[in-house]
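Mapping the sequence shown onto the numbering used here, position 8 (from 1) lands on 53, and the numbers just tick up by one. Each residue gets a CB set at the ideal place from its N, CA and C atoms; glycine is no exception. For clarity, every value in this text was computed on a predicted model and none was experimentally measured. For reference, the structure is listed below as structure tokens.
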Amino acid sequence: MEKTFRLGGEIRCLSNLIKRKIDSDPIFSEQNKVTGTHGYILGFLCRKNDADETVYQKDLEQAFSIRRSTATEVLNTMETNGLIVRENSTTDKRLKKLIVTEKGKQTHKLIVSRLNAVDEELINVLSKDEFEAFKTTLEKLKNNLLEKEALWQKQ
46 MEKTFRLGGE IRCLSNLIKR KIDSDPIFSE QNKVTGTHGY ILGFLCRKND ADETVYQKDL
106 EQAFSIRRST ATEVLNTMET NGLIVRENST TDKRLKKLIV TEKGKQTHKL IVSRLNAVDE
166 ELINVLSKDE FEAFKTTLEK LKNNLLEKEA LWQKQ
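Printed below as a string of structure tokens:
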């Protein structure tokens with residue numbers, strides 16, 4: 046019997062392998078209490094904070110296509126570990142601004158260098174044309190799923 050190629054399964058497998066590679070770095074050890082997810086979120090928050098853009102949890106949910114419960118759990122951990130603080134919004138008391146602490150900024154700098162090394166390792170396996178085609182394909186698949194998700198949510 047011929048094995049069926051499952052694109053979603055292969056993408057999931059690749060994602061898991063990348064996550065394991067990232068999480069095996071000493072910066073993401075139990076001692077540091079930082080995960081790969083924290084690294085990506087710190088990066089997003091640092092870019093927004095540096096641009097003087099206010100960021101709320103809902104912005105994070107949208108940017109990372111994650112549910113509110115997931116975002117809450119991750120942000121609670123990051124706040125407990127001193128990477129971020131939440132401040133009340135001056136315009137809407139229901140909202141809390143997400144602000145990266147000095148510890149979070151230093152952690153982010155270290156993480157960026159590690160993530161760049163992992164990306165470079167992955168990219169170096171592909172030719173320039175393969176990499177460009179891969180980026181285009183990923184965007185196409187992601188946009189298609191986002192469009193369908195928007196339709197599902199309207200129903």
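{"query": "Below 8 Å, can you find three or more Cβ-Cβ pairs linking the region 53-73 to the region 123-137?", "result": "no"}
{"query": "Should residue 49 be labelled buried (16 or more other beta-carbon atoms within 10 Å of its own) or exposed?", "result": "exposed"}
{"query": "Apart from the five residues just before and just after residue 99, which ones in its own chain have a Cβ nearer than 7 Å to its Cβ?", "result": "142"}
{"query": "Whose CA, out of 53, 78, 85, 69, lies closest to the CA of residue 154?", "result": "85"}
{"query": "Starting from residue 51, trace the alpha helix (DSSP H) in both directions and tell me its first and last residue.", "result": "Looking at the DSSP string, residue 51 is not in any alpha helix (DSSP H), and its letter there is neither H nor E."}
{"query": "What three-state label does DSSP hand residue 147 in the structure shown?", "result": "helix"}
{"query": "Cβ of residue 116 within 7 Å of Cβ of residue 105?", "result": "yes"}
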